[in-house]
Amino acid sequence: MLEIRWHGRGGQGAVTSVELLAISAIEQGKYAQGFPSFGPERRGAPVTAFNRVDDKQIKIRSGIYHPDVVVVLDESLVALVDVAEGLKPTGILIINTTKTLEQLKKDIRFVGKIATCDATGIAWKELGVPITNTTMLGALVKLTGIVKLASLDSPVQVRFGRIASKNLAAAKRAYEEVKIINEGSK
Amino acid sequence: MGKRIGMEIALAAAEAAALCRPDVIAAYPITPNTHIPEHLSDIVAEGRLDAEFICVESEHSAISACCGASGTGARTFTATSSQGLLYMQEVLPIVSAMRLPVIMAIGNRAISGPINIWNDHSDIMYQRDTGWVSLFAANGQETVDMVIQVFKIGEHRDVMLPVNINLDGFQLTHVVEPIIMPDQEEVDRFLPAYVPYAALHPDNIVSMGTLGMPEIYAEAQKSKNVALVNSKKVILEVWKEWEKQFGRKYEPIQSYRTEDADIALVTMGSMGETAEIAVDELRKQGVKAGLLKIKLWRPFPFDDLKKAVKGIRVLAVTDRAVSFGGPGGPVFSEIRSALYDVPKRPKIVNFIIGLGGRDIQVENFMDMVRRATKGKLSEPYEFYGVRG
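Chain order of the listed sequences is A and B. To convert, take the position in the first sequence, counting from 1, and add 5; that gives the working numbering. To convert, take the position in the second sequence, counting from 1, and add 7; that gives the working numbering.
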């Protein structure tokens with residue numbers, strides 16, 4: 006089972022990301038959960054959302070404390086919250102940023118695999134707004150292979166209608182452009 | 008044929024309700040059930056469902072509107088949570104006394120104060136004695152299935168009672184997961200049109216909700232109790248029909264690995280499957296653990312419980328609500344009372360868990376089993392993992 010934690014700010018679409026990923030996985034025949042951090046949410050405040058994906062039925066309904074993957078939608082959160090908290094040493098930290106590893110090291114103690122993607126830049130170009138949730142989905146899919154990139158088509162279409170193609174284009178670019186900046190220990 | 012889809016459970020509950028072709032829906036939004044009526048209002052607005060969606064100004068009005076609508080013979084549905092359910096309370100026993108099959112989904116949430124929007128079972132426990140049939144779902148599939156089943160149960164001529172389906176707030180309402188959604192043809196085949204016993208109509212005058220003098224009030228209460236107790240027969244029949252048509256089995260109490268169990272956990276609602284994992288882990292360690300998952304809360308399945316506990320030495324009952332100053336949590340009290348007459352009854356301990364959204368993990372359930380086995384509980388009931 007793969008457990009994923011998403012960090013964003015209220016309004017950036019972290020909850021939409023987990024819904025889209027869960028639906029993609031389920032439509033591929035897998036089992037998945039997508040859920041927000043339970044409770045009230047305020048626009049702009051740091052929020053988290055979660056996914057579980059597995060090939061067999063998922064029974065557990067407790068919180069996720071030791072994710073395999075952490076996705077950060079907003080780079081300003083890196084200095085604000087411990088985004089790598091509980092992240093498995095063998096896990097992956099994926100950050101929307103243009104910063105280098107050296108620059109990130111000030112705030113991040115995680116020594117495992119770290120990948121970055123300029124999702125804000127991509128979202129500005131492809132969507133015209135700095136909303137990075139679908140963009141970062143592309144990066145996540147590339148690094149984990151948890152679903153096929155094409156499996157996002159249908160749920161994104163249902164969710165976004167006439168702007169679906171722009172979101173899919175953004176996801177595809179992130180899929181191609183995400184890069185691993187720290188391999189971590191093998 | 009039904010289709011396997013990924014959908015948020017609250018939305019799926021709304022879709023399931025719409026498949027039952029309700030005539031009237033009246034609801035007032037309150038976290039965490041809000042997505043259910045919100046999605047139903049979308050479905051009505053989109054023209055997918057020909058129903059009257061009444062945007063009321065409060066939960067008290069929502070249930071009153073449902074009561075009135077049901078009195079005219081309309082199939083009615085509502086949903087609420089927490090304070091909203093409490094605000095409905097004075098109307099709830101009236102709906103059951105009038106024998107109106109109003110269906111309600113409850114996204115269970117803690118009760119204020121302190122104010123808390125997260126999940127536990129306090130809200131429904133305050134309504135335990137209102138005379139409604141009451142079911143608990145453990146996952147999204149059960150939620151969808153039960154929403155459809157309960158129209159048939161409540162409207163059955165031998166029942167004629169309102170029904171609530173409890174789905175844990177957030178833990179279920181806000182989770183996207185795989186659900187097999189029946190299609191319209193399947194639901195139509197399962198659920199016949201509602202034929203009311205009596206209906207308010209200007210051409211055929213009847214009185215409903217009349218005054219009950221001392222000479223008749225007690226008989227009315229007894230009659231409601233008899234109806235609720237007798238509803239179990241219909242519930243079992245409807246579940247059999249469901250299993251036959253849809254292949255998914257429902258029982259008042261679902262046993263998990265209890266055949267040779269020494270100790271069994273008891274859960275109600277969404278924690279059941281997490282507890283299953285704990286049972287599996289304990290079995291690997293050689294502990295003969297099992298689990299009883301209660302799905303039918305009212306009428307309480309006394310006989311099923313007696314059968315289910317045969318051979319079990321210790322029952323660790325979990326409760327997600329408090330009976331302040333009482334003998335333990337409400338589920339615990341019920342179970343202890345139910346087993347009082349059983350000659351070889353198990354030792355019964357009570358853990359009050361998961362209040363106001365407190366997370367309970369697999370290790371916690373394992374810990375409860377170990378401690379209950381060793382008898383290391385200072386009180387008959389314990390607020391599990393609570394400071395102070």
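Where a beta carbon is used, it is the ideal one built from N, C-alpha and C, also for glycine.
Within chain A, partners of residue i - CB distance below 7 Å
{"i": "F177/B", "result": "F43"}
{"i": "S277/B", "result": "R66"}
8 Å Cβ cut-off: residues of chain B touching residue i
{"i": "S67/A", "result": "T281, D366, I367, Q368, V369"}
{"i": "A37/A", "result": "G13, V183, E184, P185"}
{"i": "F40/A", "result": "F177, H181, V182, V183"}
{"i": "E131/A", "result": "The contacting residues do not exist; E131/A stays about 25 Å from chain B at best."}
{"i": "E188/A", "result": "Correct list: empty, because the minimum Cβ distance to chain B is about 32 Å."}
DSSP bridge partner residues for residue i (one or two, in chain order)
{"i": "T446/B", "result": "This structure leaves residue 446/B out entirely; chain B is present only between 8 and 395."}
{"i": "K184/A", "result": "T121/A"}
{"i": "Q33/A", "result": "In DSSP, Q33/A forms no bridge with anything."}
{"i": "W11/A", "result": "A54/A, V76/A"}
{"i": "H208/B", "result": "N211/B"}
{"i": "Q261/B", "result": "K300/B"}
{"i": "C62/B", "result": "A34/B"}
{"i": "M14/B", "result": "E184/B"}
{"i": "A86/B", "result": "A112/B"}
{"i": "S330/B", "result": "None, per the DSSP bridge assignment."}
{"i": "S141/B", "result": "N171/B, R305/B"}
{"i": "A323/B", "result": "L272/B, V356/B"}
{"i": "Y388/B", "result": "N357/B"}
{"i": "F40/A", "result": "F55/A"}
{"i": "I100/A", "result": "V77/A, T121/A"}
{"i": "F48/A", "result": "Looking at the sequence provided, one finds Arg at residue 48/A rather than Phe. Answer is G15/A."}
Beta-carbon neighbours of residue i, restricted to chain B and to distances below 9 Å
{"i": "E32/A", "result": "R11, I12, G13"}
{"i": "I28/A", "result": "I12, G13, M14, V183"}
Close Cβ partners of residue i (< 6 Å) along its chain, the five nearest in sequence each way excluded
{"i": "L59/A", "result": "Checking the sequence, you will find Asp at residue 59/A rather than Leu. Around D59/A: M6, Y36."}
{"i": "M327/B", "result": "The sequence shown places Arg at residue 327/B, not Met. Excluding positions up to five away in sequence, the list reads D127, H128, G361."}
{"i": "E46/A", "result": "G15, V52"}
{"i": "A315/B", "result": "I260, S262, L299"}
{"i": "V102/B", "result": "C74, V109, P169"}
{"i": "V151/B", "result": "A19, A23, I186"}
{"i": "I43/B", "result": "A17, A20, A21, A86, A112"}
Neighbouring residues, chain A, relative to residue i (Cβ below 9 Å)
{"i": "I124/B", "result": "F43, G44, P45"}
8 Å Cβ shell around residue i - same chain, five flanking residues per side excluded
{"i": "A27/A", "result": "A37, Q38, G39, N56, V58"}
{"i": "E188/A", "result": "K118"}
{"i": "A296/B", "result": "R264, A268, D269, I270, A271, L272, A285, V286, L289, R290, V376"}
{"i": "V83/A", "result": "V77, I100, T102, L109, D112, I113"}
{"i": "T380/B", "result": "D269, I270, V294, V321"}
Cβ-based neighbour list, residue i, same chain, cut-off 7 Å, excluding 5 preceding and 5 following
{"i": "I151/A", "result": "L7, A30, V58"}
{"i": "I136/A", "result": "Q17, G18, A128"}
{"i": "A145/B", "result": "G276, S277, G279, E280, K300"}
{"i": "I89/B", "result": "According to the sequence shown, residue 89/B is Ser rather than Ile. Closer than 7 Å at Cβ, skipping near neighbours: I37, R116, A117, I118, D130."}
{"i": "S330/B", "result": "G336, P337, S340"}
{"i": "L85/A", "result": "P51"}
{"i": "V161/A", "result": "L25, T139, A169, N172, L173"}
Where residue i meets chain B, residues with beta-carbon distance less than 7 Å
{"i": "I8/A", "result": "Per the sequence shown, residue 8/A should be read as Glu rather than Ile. Within 7 Å Cβ-Cβ: nothing; E8/A doesn't reach chain B, min ~13 Å."}
{"i": "E182/A", "result": "Ordered by position in chain B, no residue passes the 7 Å Cβ test against E182/A, which lies about 28 Å from the chain."}
Contact test: residue i Cβ vs the ligand PLP heavy atom, cutoff 7 Å
{"i": "L107/B", "result": "The model on display carries no ligand, and the ligand PLP is accordingly not part of it."}
How about the region 82-92 of chain A and the region 6-25 of chain A: do they share at least three Cβ pairs that are nearer than 8 Å?
-> Enough Cβ pairs lie closer than 8 Å, so yes.
With 7 Å as the limit, tell me which residues of the region 93-122 of chain A have their beta carbon closer than that to any beta carbon of chain B; keep them in chain order.
-> The region 93-122 of chain A vs chain B, Cβ under 7 Å: nothing.
When the Cβ atoms of the region 119-139 of chain B are set against those of the region 363-372 of chain B, are three or more pairs found closer than 8 Å?
-> Because the criterion of three Cβ pairs below 8 Å is met, the region 119-139 of chain B and the region 363-372 of chain B touch.
Indicate whether the contact test is met: 3 or more Cβ pairs, each with one atom in the region 285-295 of chain B and one in the region 230-249 of chain B, closer than 8 Å.
-> Output reads no: the region 230-249 of chain B does not touch the region 285-295 of chain B.
Below 8 Å, can you find three or more Cβ-Cβ pairs linking the region 255-266 of chain B to the region 340-357 of chain B?
-> The region 255-266 of chain B is not in contact with the region 340-357 of chain B.
Is it a yes or a no for the region 213-229 of chain B touching the region 57-66 of chain B, going by three-plus beta-carbon pairs under 8 Å?
-> At 8 Å Cβ cutoff, the stretches do not touch.
For the region 278-309 of chain B, which residues have a CB atom closer than 8 Å to at least one CB atom of chain A, in sequence order?
-> Answer in chain order: M278, E280, T281, E283, I284.
For the region 93-103 of chain B and the region 63-72 of chain B, state whether three or more C-beta atom pairs, one from each stretch, are separated by less than 8 Å.
-> Two segments are said to touch when three or more pairs of C-beta atoms, one from each, lie closer than 8 Å; by this definition the region 93-103 of chain B touches the region 63-72 of chain B.
Are the region 21-32 of chain B and the region 180-198 of chain B touching, with three or more C-beta to C-beta distances below 8 Å?
-> The region 21-32 of chain B makes contact with the region 180-198 of chain B; the number of CB pairs closer than 8 Å reaches 3 or more.
Evaluate contact between the region 31-46 of chain B and the region 173-184 of chain B, counting only Cβ atoms and requiring at least three cross-stretch pairs below 8 Å.
-> Contact between the region 31-46 of chain B and the region 173-184 of chain B is present, with at least three C-beta pairs closer than 8 Å.
Where the region 56-90 of chain A meets chain B: residues whose CB sits under 7 Å from a CB there = Cβ proximity to chain B below 7 Å picks out K64, I65, R66, S67, G68 from the region 56-90 of chain A.
Are there three or more Cβ pairs, one per stretch, closer than 8 Å when the region 104-112 of chain B is compared with the region 157-172 of chain B?
-> When Cβ pairs closer than 8 Å are counted between the two stretches, the region 104-112 of chain B is seen to touch the region 157-172 of chain B, the count reaching three or more.
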